[in-house]
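*Asks:*
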Amino acid sequence: MDHVRLEYLNKKAKVSLEMETEKVVPEMDELPKTIVRRVVKDKLNECSPDPDITVNKDSLLAFFESARIFIHCLSATANDICKESKRQITNADDVLKAIEEIEFPEFVGPLKASFDG
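Just so you know, we're using our numbering here: the sequence shown kicks off at -1 and counts up by one.
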């Protein structure tokens, strides 16, 4: 990830984190740990010849937090795009534009393909 993208995500995440008054993440903001764990392990197993990969607790926590921050950043950006269009309901095009705006254009093609499939 390049420095500019990381800086942008940090700024967006900071706004989200400043809104939290406690160190503990509110339960409604938590991602389902079993799903995140399964996605991480499945992807690592795809990428590695070693079928018995283990992920330590700190690594999983980093994945949970990274995914949560990414979703907050993406949803805030998509919401901004929606508001700029003077609409109240965010649609898939807003999300696709947001993905490009937060500088992850490589995700747009596979995401569009998943809509069609």
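Using N, Cα and C, we set each Cβ at its ideal position, and we do this for glycine too.
Give the straight-line distance between the Cα atoms of E44 and T88, rounded to the nearest whole angstrom.
*Replies:* Residue numbering aside, residue 44 sits at position 46 when the sequence shown is read from its first letter. Residue numbering aside, residue 88 sits at position 90 when the sequence shown is read from its first letter. The straight-line gap from Cα to Cα measures roughly 33 Å.
*Asks:* Excluding the 5 residues preceding and the 5 following L58 in the sequence, name in chain order all residues of the same chain whose CB lies nearer than 8 Å to its CB.
*Replies:* For the purposes of this step, residue 58 is taken as residue 60 along the sequence shown, with counting starting at 1. Here the set comprises K31, V34, R35 and V38.
*Asks:* Could you pull out every residue in the same chain whose Cβ sits closer than 8 Å to the Cβ of A65, ignoring the five residues on either side in sequence?
*Replies:* Residue 65 sits at position 67 when you count from the first residue of the sequence shown. Answer for A65: L29 and V34, listed in chain order.
*Asks:* Report yes or no: do the stretch 91 to 104 and the stretch 72 to 79 share at least 3 C-beta pairs separated by less than 8 Å?
*Replies:* yes
*Asks:* Can you give the Cα-Cα distance for T52 and K84, rounded to whole angstroms?
*Replies:* Your numbering for residue 52 matches position 54 in the sequence shown. Your numbering for residue 84 matches position 86 in the sequence shown. Near 47 Å, if we compare the C-alpha coordinates of K84 and T52.
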